[in-house]
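**Student:**
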DNA sequence: GCCGTTTTCGGCCCGACTGTTTTCAGTCG
Ligand SMILES: Nc1nc2c(ncn2[C@H]2C[C@H](O)[C@@H](COP(=O)(O)OP(=O)(O)OP(=O)(O)O)O2)c(=O)[nH]1
Ligand SMILES: [Mg+2]
Ligand SMILES: [Mg+2]
Ligand SMILES: [Zn+2]
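In my numbering, the protein residues as written are 754 to 1349.
Right, here's the structure in full:
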């Protein structure tokens, strides 16, 4: 039983209670708890089994939900939830997904007309049977029919941040063509750099006529449908099947509007509550103290006027950042400019398209000081993985390169395959001749969690491995992460002083933000690597930076933000080993000598 | 249902758009 199962139950409970007309704050409590549980990395079932008291320290979980979690972990179900679910037709929950059709209307048509699924609602609306209900009319029926068509044709997954960026930039370029715009900025989950975005949110400031700007927004040729169009905001759906929300405010409200429109919603609610406690009011128009505006134009001033440091958008998730902003203890988040090298890339020796000198030159152009060449190992035949002989050739080539390029350091690496039993594709003798071997799984993804975890932990314990690449193996939209015990992987990495990778390739982003958050909290060193197979691949670094920032990482946490000197001394640290300790001791002298 | 250096009870963010209404409820951001 996973956390996500419990979160889903709480979300569904909230939906059912809301349809039943329950107190909205009780409904919200379920949704808050669901969200907190979804963000939790430790498994609730483990907590319940090992240390149930720990449940009490989880925010938004009180006595009632605490008991429900225990019940679910012990019996596999929650009686009250089952009863609730049986008390309503399940089709009502589908109806909630229809735009502009919420819990009140679901209840209305169910009670008055016996409508309990989307098909029946569509039929009733097309037969003019909805207009007789209080608050409903002819236009409502048309809107329902349109929304149901959208529900059937436009339902899509959230888009990746990288894909959304393309769509956004095209739209921004179009919008900028009109006169009268003061500032134009992306907001919402895109500005917070979430891995995926549900829609795009754009803020515009203008001192004059907002109507012209909003019409221009709605007349974009890529617009499929206009959902709403008023004097300060509009929403459209694009042919790409993504919604775009526009908000327009006066320049003096730019900062407050950015704060509002960037969110997250939970962050906003918490921040506004703090304002209220101080007898102030925060809205998208500004910070107000007895109806007088005391901040608004500048976002930093908005935070400062409420007694908080400015908070980077990436961490505005109400995960404790507001308290830290109050006592000036926010982390100084890693930036792209802090990155000094890339510790996972490929050359023509395996499946890369560029030579080692070409890759190094590209890294140098980015201002990097070092690079690790980590080609594939022999068992990955499709990628022309290196056997011992070819790896020795590569090592020799790097030696020559080093002599010719004293101002740039190339680490001798390998992305060695972790075989099914956790042993490595190359033996220790050849690994000892390298200075940045990383390990990764490229085969047998289907094994169970316990076995897979043991497999990776065994690789971590190898004394020559410095990093585990793409630790969960997911390919976004293609392959789900393999089952592993994340807590155990983190503990092993910490104990053995092995780094875990944020693979920055937009198809991977692995570790993801929650895994990274937990790894950072445990003090595990983290690499942000692009896994480049060509010089252009290095440009993906910024996607990995997004993940790291959202996980609260600073330069201290990120191995490839360290200076070459610091990185080298970290690599020389003695490592506690169990399985292979004796072997390591024998080879210790050799390692120290040959490391660089 | 959760939560507490002003509280263990009484709050819980604030505002825009739509369609219906004659002053506002519902939905959404
Ligand atoms: N104060 C307040 N702000 C909200 C509320 N709902 C949304 N917002 C703000 C914060 C959001 O980040 C922003 C944009 O709303 P969205 O629904 O697009 O959410 P967001 O972009 O965060 O996530 P998404 O990826 O689109 O699902 O509007 C709310 O109920 N109250
Ligand atoms: Mg959004
Ligand atoms: Mg939005
Ligand atoms: Zn690779």
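Here a beta-carbon is modelled for each residue, glycine too, at the ideal position from N, C-alpha and C.
If you drop the 5 nearest sequence neighbours on each side, which residues of the same chain put their C-beta closer than 7 Å to that of residue 1223?
**Tutor:** Translated into the one-based positions of the first chain, residue 1223 becomes position 470. Only 1193, 1254, 1256, 1261, 1263 meet the Cβ criterion.
**Student:** Under 7 Å from any heavy atom of ligand 5, does the C-beta of residue 933 make it?
**Tutor:** Here the bound small molecules are ligand 1, ligand 2, ligand 3 and ligand 4; ligand 5 is not part of this structure.
**Student:** Roughly how many whole angstroms lie between the Cα atoms of residue 1173 and residue 970?
**Tutor:** Indexing the first chain from 1 puts residue 1173 at position 420. Indexing the first chain from 1 puts residue 970 at position 217. Each residue's Cα considered, the two are about 54 Å apart.
**Student:** Under 7 Å from any heavy atom of ligand 2, does the C-beta of residue 952 make it?
**Tutor:** By 1-based counting over the first chain, the position of residue 952 is 199. At least one heavy atom of ligand 2 is nearer than 7 Å to the Cβ of residue 952, so yes.
**Student:** For residue 1303, tell me which candidate among 1080, 1071, 1140, 778 has the shortest Cα-Cα distance.
**Tutor:** In the first chain, residue 1303 corresponds to position 550, counting from 1. Looking at the Cα atoms, 1071 is the closest of the given residues.
**Student:** Excluding the five sequence neighbours on either side, which residues of its own chain have a C-beta within less than 6 Å of the C-beta of residue 954, listed in chain order?
**Tutor:** Counting from 1 along the first chain, the entry for residue 954 is found at position 201. So the list reads 940, 941, 998, 1014, once near-sequence residues are dropped.
**Student:** Mapping DSSP to helix, strand and coil, what is residue 1066?
**Tutor:** Indexing the first chain from 1 puts residue 1066 at position 313. Looking at residue 1066 - three-state DSSP - the assignment turns out to be helix.
**Student:** Using a Cβ-based criterion (distance less than 7 Å to any ligand heavy atom), does residue 942 qualify as near ligand 2?
**Tutor:** Within the first chain, numbered from 1, the residue matching residue 942 stands at position 189. Checking the Cβ of residue 942 against ligand 2 gives yes.
**Student:** In whole angstroms, give me the CA-to-CA distance for residue 1040 and residue 1063.
**Tutor:** One-based indexing of the first chain puts residue 1040 at position 287. One-based indexing of the first chain puts residue 1063 at position 310. Rounded to whole angstroms, residue 1040 to residue 1063 spans 14 Å at the Cα level.
**Student:** Looking only at its chain, what residues have a beta carbon closer than 8 Å to the beta carbon of residue 789, apart from the 5 residues adjacent to it on each side?
**Tutor:** Counting from 1 along the first chain, the entry for residue 789 is found at position 36. Result list for residue 789: 811, 812, 813, 814, in chain order.
**Student:** Taking contact to mean 3 or more Cβ pairs, one atom from each stretch, closer than 8 Å, check whether the segment 1282-1291 and the segment 1047-1066 are in contact.
**Tutor:** Contact fails: fewer than three Cβ-Cβ distances are below 8 Å.
**Student:** What does DSSP give as the partner residues of residue 1177 in its beta bridges?
**Tutor:** Counting from one through the first chain, the residue named residue 1177 turns up at place 424. Its beta-bridge partners are 1171.
**Student:** Helix, strand or coil: which one does DSSP assign to residue 1040?
**Tutor:** The residue given as residue 1040 occupies position 287 in the first chain. It is a strand residue.
**Student:** Go ahead and pull the three-state DSSP assignment for residue 1332.
**Tutor:** Position 579 of the first chain, counting from 1, holds the residue named residue 1332. Residue confidence is low: residue 1332 scores 41 on pLDDT, short of 50, so the model does not pin down where it sits. No coordinate-derived value is stated.
**Student:** Leaving aside the five residues before and after residue 1081 along the sequence, list all residues of the same chain whose C-beta is less than 7 Å from its C-beta, in chain order.
**Tutor:** For the purposes of this step, residue 1081 is taken as residue 328 along the first chain, with counting starting at 1. Within the same chain, residue 1081 has close Cβ partners 1062.
**Student:** Please go through the segment 919-970 and give each complete alpha helix (DSSP H) segment of 4 or more residues, from N-terminal end onward.
**Tutor:** Within the segment 919-970, the complete alpha helix (DSSP H) runs of at least 4 residues are 941-944.
**Student:** Tell me whether residue 903, by its Cβ, gets closer than 7 Å to a heavy atom of ligand 3.
**Tutor:** If you number the first chain from 1, residue 903 lands on position 150. No, the beta carbon of residue 903 sits no closer than 7 Å to any heavy atom of ligand 3.
**Student:** Relative to the alpha-carbon of residue 1227, which residue among 1203, 928, 1258 has its alpha-carbon at the smallest distance?
**Tutor:** Taking the first residue of the first chain as position 1, residue 1227 is located at position 474. Residue 1227 has its Cα closest to that of 1258, out of 1203, 928, 1258.
**Student:** Report buried or exposed for residue 1152, applying the criterion of at least 16 other Cβ atoms within 10 angstroms of its Cβ.
**Tutor:** The residue you call residue 1152 lines up with position 399 of the first chain. Under this definition residue 1152 is an exposed residue.
**Student:** When you compare only the Cα positions, how much space is there between residue 1217 and residue 1189?
**Tutor:** Here residue 1217 refers to the residue found at position 464 of the first chain. Here residue 1189 refers to the residue found at position 436 of the first chain. Computed Cα separation, rounded: 8 Å.
**Student:** Can you tell which of 865, 905, 869 has its C-alpha closest to the C-alpha of residue 748?
**Tutor:** This structure cannot speak to residue 748, because the chain is shown only from 754 to 1349.
**Student:** Pop quiz: residue 1295 and residue 1089 are said to be a contact at Cβ under 8 Å. What is the actual Cβ separation, rounded to whole angstroms?
**Tutor:** Translated into positions along the first chain, residue 1295 becomes position 542. Translated into positions along the first chain, residue 1089 becomes position 336. Contact flag correct, Cβ pair sits at about 5 Å.
**Student:** Just how far apart, CA to CA, sit residue 1330 and residue 1214?
**Tutor:** Indexing the first chain from 1 puts residue 1330 at position 577. Indexing the first chain from 1 puts residue 1214 at position 461. In this prediction, residue 1330 has a pLDDT of 42, which is less than 50 and means its spatial position is unreliable; what the coordinates show is noted afterwards. C-alpha separation (whole angstroms): 6 Å.
**Student:** Name the one or two DSSP bridge partners that residue 1129 has.
**Tutor:** For the purposes of this step, residue 1129 is identified with residue 376 of the first chain, where counting begins at 1. Paired residues: 1168.
**Student:** According to DSSP, what are the bridge partners of residue 1256?
**Tutor:** The residue labelled residue 1256 in the question sits at position 503 within the first chain. According to DSSP, which records beta bridges pairwise, residue 1256 is partnered with 1263, 1282.
**Student:** CB of residue 993 to nearest heavy atom of ligand 3: below 7 Å?
**Tutor:** To locate residue 993, count along the first chain from 1; it is residue 240. For ligand 3, not one heavy atom lies less than 7 Å from the Cβ of residue 993.
**Student:** Classify residue 1107 as buried or exposed, calling it buried when 16 or more other Cβ atoms lie within 10 Å of its own Cβ.
**Tutor:** Numbered from 1 along the first chain, position 354 holds the residue referred to as residue 1107. With 16 or more other Cβ atoms within 10 Å, it is buried.
**Student:** Give the DSSP-derived three-state secondary structure of residue 998 in the structure shown.
**Tutor:** Sequence index remark: in the first chain, residue 998 carries index 245 (1-based). The answer is strand: DSSP assigns residue 998 an E or B state.
**Student:** So which residues touch the region around ligand 4, with touch meaning a C-beta under 5 Å from any heavy atom?
**Tutor:** After applying the 5 Å Cβ criterion, the set is 1168, 1284.
**Student:** Does the segment 1093-1108 come into contact with the segment 1306-1315, if we say contact requires no fewer than three beta-carbon pairs (one atom in each stretch) closer than 8 Å?
**Tutor:** Yes: at least three Cβ pairs fall under 8 Å.
**Student:** Looking at the structure shown, is residue 1144 part of a helix, part of a strand, or coil, going by DSSP?
**Tutor:** On the first chain, position 391 is the one that residue 1144 refers to. Note: residue 1144 maps to helix in three-state DSSP.
**Student:** Given that a residue counts as buried once 16 or more other Cβ atoms are within 10 Å of its Cβ, and exposed if not, what is residue 1128?
**Tutor:** The residue you call residue 1128 lines up with position 375 of the first chain. That one is buried.
**Student:** Using the C-alpha atoms, what's the distance from residue 869 back to residue 863?
**Tutor:** As a working note, residue 863 is residue 110 in the first chain. As a working note, residue 869 is residue 116 in the first chain. Spanning the two alpha carbons is a distance of roughly 6 Å.
**Student:** Tell me the rounded alpha-carbon separation between residue 1102 and residue 1137.
**Tutor:** Here residue 1102 is taken as the residue at index 349 of the first chain, counted from 1. Here residue 1137 is taken as the residue at index 384 of the first chain, counted from 1. Distance between the alpha carbons of residue 1102 and residue 1137: 8 Å.
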